[in-house]
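Asks: For the sequence shown, our numbering gives the first residue as 1156, with consecutive numbering after it. Before anything else, here's the structure in question.
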Amino acid sequence: MDQYEPSRKLLAFIEKSPSVFHAVANLKEELELAGFQELEENRQWVLQHGKGYFVTRNDSSLIAFRVPERELQYFHLTAAHSDSPCFKLKPSCEILVDHQYVKLNTEGYGGMLMGPWLDRPLSVAGRAVVRRGNQLKKVLVHIDRDLLLIPNVAIHMNRDANNGKKWNAQTDLLPLYGGADSMETFSIEIANAAGARVEDLLDYDLFLYNRMPGRIWGAQNEFISSRALDDLQCSWALMQGFLQAEGGEIRRNALAACCIFDNEETGSLSAQGADSTFLTDVLERIRETMDITAGEWRKAIAEGFMISADNAHAVHPNHPELADPTNRPYLNQGIVIKYHANQKYTTDSITASMFRTICQEADVPVQTYTNRSDQAGGSTLGNISNAHLSIRSVDIGLPQLAMHSPYETAGADDTEYLIRAIRKFYERHVVIR
1156 MDQYEPSRKL LAFIEKSPSV FHAVANLKEE LELAGFQELE ENRQWVLQHG
1206 KGYFVTRNDS SLIAFRVPER ELQYFHLTAA HSDSPCFKLK PSCEILVDHQ
1256 YVKLNTEGYG GMLMGPWLDR PLSVAGRAVV RRGNQLKKVL VHIDRDLLLI
1306 PNVAIHMNRD ANNGKKWNAQ TDLLPLYGGA DSMETFSIEI ANAAGARVED
1356 LLDYDLFLYN RMPGRIWGAQ NEFISSRALD DLQCSWALMQ GFLQAEGGEI
1406 RRNALAACCI FDNEETGSLS AQGADSTFLT DVLERIRETM DITAGEWRKA
1456 IAEGFMISAD NAHAVHPNHP ELADPTNRPY LNQGIVIKYH ANQKYTTDSI
1506 TASMFRTICQ EADVPVQTYT NRSDQAGGST LGNISNAHLS IRSVDIGLPQ
1556 LAMHSPYETA GADDTEYLIR AIRKFYERHV VIR
């Protein structure tokens, strides 16, 4: 295999996934090609041993699973998230400035690095609802051209620009759309992209995205840069490992699932986030459909294991002092196990040892991450989902730079490491007594 093939495939996936809705649609397509059957939450489920299925919620979260060939003995779950910090368009978003410019009204989604959004080609993508006859239809929307830009203020007009800048999202960061003649044309633009008449465009969930393509670069092509590496790098790699896993004890005895949740960047507080009932709803329906007793179910949960995958901070080349003195992840040095004394991450000695064993068997290097003791850390999927499904968990990620920038950087080798580890996880059950 070409050394850079996983990175090229990852960047191709991100390129055709300009919004969470597109990312989930593309993962659905991969599952269907692999023979998985789509289920709907508002329909009756019929499941068979040994078969694969998937279900989505809000078109932005997805859970794929395989029913064990034999009786259920344990769970093997992975989780990542589909969303990234960005700007969301407000309703009635056109603003006319001095009868000369039209800009669009937006608000921030998640905690982003704001400065890098300026002076880049941008466009919009997401979902619209349109009327077709007597029915309402959800439609993916992607304006696949350079449509917007957030212009900086010239240094001549802001002499303090390089002395630190506090960005105001309402005044500094609204994107320029067109000249005065473009006023009241944005709805036409969206309707055309949705394949509908303007009068049939009812509403939309649209987000700005960076148009700069992903790149493999560096002295020896050792780095990749792209938008949304946090966390589409993990989401895509988890799904590849899930789909590539071969038969064995997991196929025979485990309920194996790959979970991609939306809204992690805003705290997972949504019907489709990790703090919702999405995972437990799906698992409970599997239990009911497969006629598994409550006792068998609880035993399988107690024997189960979850890997929560969300990218980690690498040591920064210009600011190595920002990293912990002894736990210092680097690009291309392997998967990062994340620890936190106050349980922002779920990792403990048991789950870390289980994951290290999986990585050792997959010939994958492992690193460790903790925050500096004088820095607060953010939570991720593991501890949030554990509030709904209490299962042994480890929090991991791939090392990256410029997290929450619209153009992030990671290692070209690390995606393949995660695929190999997750493939082994879905083939091998590690037991600690």
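The beta-carbon is built from N, C-alpha and C at its ideal position, and this holds for glycine as well.
Would you mind giving the Cβ-Cβ distance between GLN1589 and ARG1578, rounded to the nearest angstrom? I have them listed as a contact below 8 Å.
Replies: Since the displayed the chain opens at 1156 and closes at 1588, residue 1589 lies outside it and no answer follows.
Asks: Would you check if the distance between the CB atom of THR1233 and the CB atom of ALA1464 is smaller than 8 Å?
Replies: The residue given as residue 1233 occupies position 78 in the sequence shown. The residue given as residue 1464 occupies position 309 in the sequence shown. Yes; because the gap between Cβ atoms is below 8 Å, this pair is in contact.
Asks: Please go through the same chain and pick out, in chain order, the residues whose beta-carbon is closer than 6 Å to the beta-carbon of ILE1298, but skip the five residues on each side of it.
Replies: What you label residue 1298 is simply residue 143 of the sequence shown in a count that begins at 1. Closer than 6 Å at the Cβ level, and outside the excluded window around ILE1298, lie SER1278, VAL1279 and ALA1348.
Asks: Which residue or residues does DSSP assign as beta-bridge partners of PHE1460?
Replies: By one-based count along the sequence shown, residue 1460 stands at place 305. Partner(s): HIS1231.
Asks: Who are TYR1208's beta bridge partners in DSSP?
Replies: If you number the sequence shown from 1, residue 1208 lands on position 53. DSSP lists GLN1192 and PHE1220 as partners of TYR1208.
Asks: Is the Cβ-Cβ distance between ILE1546 and GLY1369 less than 8 Å?
Replies: The sequence position of residue 1546 within the sequence shown is 391, counting from 1. The sequence position of residue 1369 within the sequence shown is 214, counting from 1. The answer is no: Cβ separation not under 8 Å.
Asks: Suppose only complete runs of 3+ residues qualify. What are the beta strand (DSSP E) ranges in the region 1509-1565, listed by chain order?
Replies: Here the runs fully enclosed are 1521-1524, 1548-1552 and 1554-1556.
Asks: Do HIS1471 and LEU1331 count as a contact pair if the criterion is CB distance below 8 Å?
Replies: Within the sequence shown, numbered from 1, the residue matching residue 1331 stands at position 176. Within the sequence shown, numbered from 1, the residue matching residue 1471 stands at position 316. No, the pair does not count as a contact, with Cβ atoms beyond the cut-off.
Asks: Going by alpha carbons, who is nearest to PRO1554 out of THR1570, ILE1539, SER1548 and SER1560?
Replies: As a working mapping, residue 1554 is identified with position 399 in the sequence shown. Taking only the C-alpha atoms, the option nearest PRO1554 is THR1570.
Asks: Within the continuous alpha helix (DSSP H) that includes GLN1395, where are the two ends?
Replies: For the purposes of this step, residue 1395 is taken as residue 240 along the sequence shown, with counting starting at 1. Where GLN1395 is concerned, the enclosing alpha helix (DSSP H) stretches over 1384-1399.
Asks: Which one of PRO1223, HIS1177 and ARG1286 has the shortest CA to CA distance from GLU1404?
Replies: For this step, residue 1404 is matched to residue 249 along the sequence shown. Per the Cα distances, PRO1223.
Asks: How many angstroms separate the CA atom of GLN1538 from the CA atom of ALA1429?
Replies: Looking up residue 1538 in the sequence shown gives position 383. Looking up residue 1429 in the sequence shown gives position 274. The displayed chain sequence assigns Asn, not Gln, to residue 1538. Cα to Cα, ASN1538 sits roughly 9 Å from ALA1429.
Asks: Are the C-beta atoms of TRP1452 and some chain B residue less than 8 Å apart?
Replies: The structure shown contains no chain B, having only a single protein chain.
Asks: Rounded to whole angstroms, what's the CA-CA distance from GLN1488 to GLN1375? Just pull it up for me.
Replies: Position 333 of the sequence shown, counted from the first residue, corresponds to residue 1488. Position 220 of the sequence shown, counted from the first residue, corresponds to residue 1375. GLN1488 and GLN1375: Cα-Cα distance of roughly 15 Å.
Asks: Give every residue of the same chain whose Cβ lies closer than 8 Å to the Cβ of ILE1250, excluding the five residues on either side of it in the sequence, and list them in chain order.
Replies: Taking the first residue of the sequence shown as 1, we reach residue 1250 at position 95. Around ILE1250: VAL1257, LYS1258, LEU1259, ASN1260 and LEU1329.
Asks: Give me the Cα-Cα distance between PHE1460 and PHE1230, rounded to the nearest whole angstrom.
Replies: For the purposes of this step, residue 1460 is identified with residue 305 of the sequence shown, where counting begins at 1. For the purposes of this step, residue 1230 is identified with residue 75 of the sequence shown, where counting begins at 1. Cα-Cα distance, rounded: 6 Å.
Asks: To the nearest angstrom, how far is it from the Cα of HIS1584 to the Cα of ASP1358?
Replies: Position 429 of the sequence shown, counted from the start, is the residue given in the question as residue 1584. Position 203 of the sequence shown, counted from the start, is the residue given in the question as residue 1358. Spanning the two alpha carbons is a distance of roughly 47 Å.
Asks: Quickly, what does DSSP pair ASN1181 with across the bridge? List them, please.
Replies: Taking the sequence shown and counting its residues from 1, the one referred to as residue 1181 is at position 26. Answer is none; ASN1181 lacks a bridge partner.
Asks: Going by the beta-carbon positions, is the gap between ASP1479 and THR1525 smaller than 8 Å?
Replies: Taking the first residue of the sequence shown as position 1, residue 1479 is located at position 324. Taking the first residue of the sequence shown as position 1, residue 1525 is located at position 370. For ASP1479 and THR1525, yes; Cβs fall inside 8 Å.
Asks: Distance check for TYR1208 and GLY1333, CA to CA, integer angstroms please.
Replies: Working through the sequence shown from its first residue, we reach residue 1333 at position 178. Working through the sequence shown from its first residue, we reach residue 1208 at position 53. Looking at the two C-alpha atoms, the distance is approximately 45 Å.
Asks: Following the continuous beta strand (DSSP E) through THR1501, name the residue where it begins and the one where it ends.
Replies: Here residue 1501 corresponds to residue number 346 of the sequence shown, with the count starting at 1. No beta strand (DSSP E) contains THR1501, which DSSP labels as neither H nor E.
Asks: Hey, how far is the Cα of PRO1520 from the Cα of HIS1311?
Replies: Here residue 1520 refers to the residue found at position 365 when the sequence shown is read from its first residue. Here residue 1311 refers to the residue found at position 156 when the sequence shown is read from its first residue. Distance between the alpha carbons of PRO1520 and HIS1311: 50 Å.
Asks: What whole-angstrom Cβ distance do LEU1202 and THR1448 have, given they're in contact under 8 Å?
Replies: On the sequence shown, residue 1202 is found 47 positions in, with the first residue counted as 1. On the sequence shown, residue 1448 is found 293 positions in, with the first residue counted as 1. 16 Å between Cβ atoms; not a contact.
Asks: Mind checking who GLN1290 pairs with in its DSSP beta bridge?
Replies: Here residue 1290 corresponds to residue number 135 of the sequence shown, with the count starting at 1. DSSP lists ARG1287 as partners of GLN1290.
Asks: Count the other CB atoms, across all protein chains shown, that sit within 10 Å of the CB of LYS1245; report buried if there are 16 or more and exposed otherwise.
Replies: Here residue 1245 corresponds to residue number 90 of the sequence shown, with the count starting at 1. The residue is exposed, with fewer than 16 neighbouring Cβ atoms inside 10 Å.
Asks: In angstroms with no decimal places, state the Cα-to-Cα distance between TRP1452 and ALA1283.
Replies: The sequence position of residue 1452 within the sequence shown is 297, counting from 1. The sequence position of residue 1283 within the sequence shown is 128, counting from 1. Answer to the nearest angstrom: the Cα atoms are 40 Å apart.
Asks: Hey, which unbroken runs of the beta strand (DSSP E) at 3 residues or more fall wholly within the region 1247-1311?
Replies: Runs found: 1256-1264, 1277-1287 and 1290-1297.
Asks: Mapping DSSP to helix, strand and coil, what is TYR1494?
Replies: Locating residue 1494 in the sequence shown gives position 339, where the first residue counts as 1. Reduced to three states, the DSSP call for TYR1494 is coil.
Asks: Leaving aside the five residues before and after CYS1241 along the sequence, list all residues of the same chain whose C-beta is less than 6 Å from its C-beta, in chain order.
Replies: Within the sequence shown, numbered from 1, the residue matching residue 1241 stands at position 86. Answer for CYS1241: TYR1264, PHE1362 and LEU1363, listed in chain order.
Asks: Is DSSP giving TRP1146 helix, strand or coil here?
Replies: In this structure the chain extends from 1156 to 1588, so residue 1146 is not present and cannot be described.
Asks: Just verifying my parser: in three-state terms, what is the DSSP assignment at ALA1409?
Replies: Translated into positions along the sequence shown, residue 1409 becomes position 254. Looking at ALA1409 - three-state DSSP - the assignment turns out to be strand.
Asks: Evaluate GLN1427 with the Cβ neighbour count: other Cβ atoms within 10 Å of its Cβ, from every protein chain shown; 16 or more gives buried, anything less gives exposed.
Replies: For the purposes of this step, residue 1427 is taken as residue 272 along the sequence shown, with counting starting at 1. Its Cβ being crowded by 16 or more others within 10 Å, GLN1427 is buried.
Asks: Could you check which residue in LEU1544, HIS1543, GLY1552 and GLU1516 has the C-alpha nearest to that of GLN1522?
Replies: As a first step, residue 1522 is located in the sequence shown; it is residue number 367 there, counting from the start. Out of LEU1544, HIS1543, GLY1552 and GLU1516, GLY1552 has the C-alpha closest to the C-alpha of GLN1522.
Asks: Which value, in whole angstroms, describes the spacing of the CA atoms of LEU1227 and THR1506?
Replies: Residue numbering aside, residue 1227 sits at position 72 when the sequence shown is read from its first letter. Residue numbering aside, residue 1506 sits at position 351 when the sequence shown is read from its first letter. Taking the straight line from one Cα to the other gives about 21 Å.
Asks: Please identify the residue among SER1534, GLY1396, LEU1302 and VAL1491 whose C-alpha is closest to the C-alpha of LEU1186.
Replies: For this step, residue 1186 is matched to residue 31 along the sequence shown. For LEU1186, the nearest C-alpha among the options comes from GLY1396.
Asks: Residues in the same chain with beta-carbon distance under 8 Å from LYS1206, minus the five sequence neighbours each way, listed in chain order, please.
Replies: The sequence position of residue 1206 within the sequence shown is 51, counting from 1. Hits under 8 Å: GLN1192, ARG1221 and VAL1222.
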